[in-house]
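Numbering (the numbering used here), first residue to last: 157 to 352.
By construction, the Cβ of each residue, glycine as well, lies at the ideal position given by its N, Cα and C atoms.
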């Protein structure tokens, strides 16, 4: 991966799929103007409980976090799920620098009011399609709280497996909470023998 060009936000997938008969979800690249909406998603009770989002992550912090992806200085991309013009979900994938540039980490969150509508699954599928087809990534990993059974089931559905149990992974609600390291591996193509 070193030496390859980063995927710019414009190269991220854009699709329209129904979340329910009444909704149409549009997946599109994250834009700087989305920072406030993404910050709002991360302030929802479920996001605060089950992600490492800080209780007061202002739009400026979200904007700074995404700056390398938006500018093309960092490898990876970010997506937003939009219903009726409102950002209701978000996923950001960050490709690791060499020598781990065959892999990436990601974070995902869906607004509490839109949970259970398949938005997370749509974001995951779009992310994996781009990671596999355009970035050629072989390993994608994430950390998840061990009691976030809904998210764990989603990740498992997309081929992620638990690789490690992390005791006292983070402080949540004043107590130590355990976490899991999960990853999805894709077989690498056969390499040409040296000199051939």
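Residue from 301, 195, 207 whose Cα sits closest to the Cα of residue 219: 195
What would DSSP say about residue 181, mapped onto helix, strand or coil? strand
Nearest-angstrom Cα distance between residue 244 and residue 254? 33 Å
Are the CB atoms of residue 239 and residue 197 within a distance shorter than 9 Å? no
Could you check how far apart the C-beta atoms of residue 340 and residue 296 are, in whole angstroms? I think they sit under 8 Å. 5 Å
Beta-carbon of residue 232 versus every beta-carbon of chain B: anything under 9 Å? Protein chain content of the structure displayed is limited to a single chain, and chain B is not contained in it.
From this set, 251, 201, 306, 186, which residue's C-alpha is nearest residue 267's C-alpha? 201
For residue 301, collect the residues of the same chain with a Cβ closer than 6 Å to its Cβ; drop the 5 residues on either side in sequence, then sort them by chain order. 206, 333, 335
Helix, strand or coil for residue 187, going by three-state DSSP, please let me know. coil
Can you check DSSP and say which residues form a bridge with residue 338? 298, 318
On the DSSP bridge assignment, give the partners of residue 289 in chain order. Its beta-bridge partners do not exist; DSSP assigns none.
Specify the secondary structure class of residue 325 as computed by DSSP and reduced to three states. strand
Decide if residue 317 is buried, meaning its Cβ has at least 16 other Cβ atoms within 10 Å, or exposed. exposed
Enumerate in chain order the residues of its own chain whose CB-to-CB distance from residue 352 is below 7 Å, with the five nearest sequence positions on each side excluded. Low local confidence applies: a pLDDT of 49 at residue 352 is under 50, so the model's placement there is unreliable, and no value is given.
Can you tell me which of the three DSSP states residue 265 falls into? strand
Please report the straight-line C-alpha distance between residue 265 and residue 222, rounded to a whole angstrom. 15 Å
For residue 333, the residue or residues it bridges with in DSSP: 326
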